[in-house]
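Colleague:
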Amino acid sequence: MQVTVNGQLVQATSEISLAELVKEKGWQAERIVVELNDVIISRTDWVHCIMKQGDKLEVVTFVGGG
Amino acid sequence: MAEPLKIAGYSINSRLFIGTGKFASNTIIPEVIAAASAEVVTVALRRMDINFPDENIVNFIPKGCIIMPNTSGARNAEEAIRIARLAQASGCGNWIKIEVIADNRYLLPDNQETIKATEVLANEGFVVLPYMSPDLMAARRLVDAGAAAVMPLGAPIGTNRGLKTKELIRILIEEIPLPIIVDAGIGKPSEAAEAMEMGAAAVLVNTAMATAQNPVAIAKAFALAVKAGRIAFEAGPGAVQAYANASSPLTGFLRESL
Numbered sequence: 005m006q007v008t009v010n011g012q013l014v015q016a017t018s019e020i021s022l023a024e025l026v027k028e029k030g031w032q033a034e035r036i037v038v039e040l041n042d043v044i045i046s047r048t049d050w051v052h053c054i055m056k057q058g059d060k061l062e063v064v065t066f067v068g069g070g
Numbered sequence: 034m035a036e037p038l039k040i041a042g043y044s045i046n047s048r049l050f051i052g053t054g055k056f057a058s059n060t061i062i063p064e065v066i067a068a069a070s071a072e073v074v075t076v077a078l079r080r081m082d083i084n085f086p087d088e089n090i091v092n093f094i095p096k097g098c099i100i101m102p103n104t105s106g107a108r109n110a111e112e113a114i115r116i117a118r119l120a121q122a123s124g125c126g127n128w129i130k131i132e133v134i135a136d137n138r139y140l141l142p143d144n145q146e147t148i149k150a151t152e153v154l155a156n157e158g159f160v161v162l163p164y165m166s167p168d169l170m171a172a173r174r175l176v177d178a179g180a181a182a183v184m185p186l187g188a189p190i191g192t193n194r195g196l197k198t199k200e201l202i203r204i205l206i207e208e209i210p211l212p213i214i215v216d217a218g219i220g221k222p223s224e225a226a227e228a229m230e231m232g233a234a235a236v237l238v239n240t241a242m243a244t245a246q247n248p249v250a251i252a253k254a255f256a257l258a259v260k261a262g263r264i265a266f267e268a269g270p271g272a273v274q275a276y277a278n279a280s281s282p283l284t285g286f287l288r289e290s291l
């Protein structure tokens with residue numbers, strides 16, 4: 005299955021939860037925020053959130069800024 | 034000694050806020066924060082680079098600092114609100130620096146959109162510190178919108194040009210019943226001291242430190258300047274006079290008076 009992450013197509017296991025996807029990809033769970041199809045998913049809901057083909061994820065993090 | 038700054042129930046001892054952008058390496062940031070004695074530190078929110086998912090500025094900010102994400106990249110109120118909500122979902126607190134910019138040459142903020150975003154986010158419980166062009170009416174509307182402080186620019190972002198808007202900031206300090214924090218443009222410690230002597234509640238400095246040859250040393254210099262300026266303001270500087278006024282007695286000279 006393919007999902008879009010930050011505008012790029014990414015391969016993911018079918019029926020995977022958001023929590024599993026974050027783990028599989030090695031993202032720093034405690035340092036990122038995820039929007040799924042324009043809705044913010046709180047970290048505690050990641051395990052209940054099952055990804056579907058074509059889902060659109062925005063994964064954001066903090067960088068240096070003034 | 035200088036009084037602590039009160040914002041939204043927080044008591045902040047350091048009136049030097051710092052930004053974390055443009056440093057040659059993130060590893061210098063903890064040293065800069067320590068040298069500046071900074072307690073409020075700004076960061077930006079961006080898409081994670083999926084090829085480098087380990088990079089995160091928050092790992093370089095000491096625990097105990099207030100992290101103030103900015104809404105840089107937002108071109109209108111709606112985008113700023115979205116960024117603020119994402120920042121809050123990170124679990125790094127509820128402070129937000131509103132920055133709405135649609136001008137690419139001077140990066141001047143859009144006060145009208147900033148006011149809209151401030152109102153929505155203050156109602157949602159954010160501690161909102163809006164970056165703005167120093168304008169009295171806009172500042173009054175920010176007060177009504179629920180801002181926790183008002184942050185006028187001294188000069189365009191990243192220019193190191195100093196307090197070009199000094200007179201307008203002075204008016205805000207006089208008229209606005211919220212802390213006035215000079216954000217953007219301050220290039221040298223003397224300019225930070227000047228803002229503080231005038232009664233600014235704090236200053237926010239980034240580029241001046243990040244682009245200095247020795248960011249840690251200049252952070253220390255800024256900390257001293259901000260402290261000196263604040264103490265001077267609280268001391269109440271003497272009045273400015275047009276003509277000379279002798280400091281030594283005008284009697285008892287070693288000659289006969291005529």
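Protein sequence lines, in the order shown, are assigned to chains A and B.
The number in the working numbering is simply the position in the first sequence, starting from 1, with 4 added.
The number in the working numbering is simply the position in the second sequence, starting from 1, with 33 added.
C-beta: ideal position from N, C-alpha, C; glycine also.
These numbers come from a predicted model, not from an experiment.
#1: Is it buried or exposed for V91/B, if we count other Cβ within 10 angstroms and need 16 for buried?
#2: Tell me whether L77/A is buried or exposed, calling it buried when 16 or more other Cβ atoms sit within 10 Å of its Cβ.
#3: Grouping DSSP H, G and I as helix and E and B as strand, with all else coil, what is V133/B?
#4: Let me check one thing: in DSSP terms, what residues is R79/B bridge-paired to?
#5: Give a yes or no on whether the C-beta atoms belonging to V37/A and S105/B are separated by under 8 angstroms.
#6: If you run the structure through DSSP and keep just helix, strand and coil, what is L40/A?
#7: Under 8 angstroms, Cβ to Cβ, is there at least one residue of chain A near V17/B?
#8: May I have the straight-line CA-CA distance separating A226/B from T48/A, to the nearest angstrom?
#9: Quick one: grab the DSSP three-state call for Q145/B.
#10: In chain A, which residues lie with their C-beta within 8 angstroms of the C-beta of T240/B?
#11: To the nearest angstrom, how far is it from the Cα of R174/B to the Cα of A277/B?
#12: If you measure from the beta carbon of K27/A to each beta carbon in chain B, is any gap under 8 angstroms?
#13: By the criterion of Cβ-Cβ separation under 7 angstroms, what are the contact partners of Q32/A in chain B?
#14: Distance check for N103/B and A235/B, CA to CA, integer angstroms please.
#15: State the Cα-Cα distance for the pair M184/B and D216/B, rounded to the nearest angstrom.
#16: If you draw a straight line from the C-alpha of A172/B to the C-alpha of T8/A, how long is it?
#17: What distance in whole Å lies between the Cβ atoms of V259/B and R48/B, which are believed to be in contact at a cut-off of 8 angstroms?
#18: Note down, in chain order, every chain B residue with its Cβ under 9 angstroms from the Cβ of N10/A.
#19: State the start and end residues of the unbroken beta strand (DSSP E) segment that holds A235/B.
#20: Answer yes or no: do A68/B and G54/B have a C-beta to C-beta separation smaller than 8 angstroms?
Modeller: Answer, in terms of the structure:
#1: buried
#2: The structure shown does not extend to residue 77/A, since chain A spans only 5 to 70, so no value can be given for it.
#3: coil
#4: T65/A
#5: no
#6: strand
#7: Residue 17/B cannot be examined here, being either before or after the span of chain B that is shown, 34 to 291.
#8: 46 angstroms
#9: helix
#10: G70
#11: 43 angstroms
#12: no
#13: P86, D87, N89
#14: 17 angstroms
#15: 6 angstroms
#16: 41 angstroms
#17: 5 angstroms
#18: R80, M81, D82, I83
#19: 235-238
#20: no
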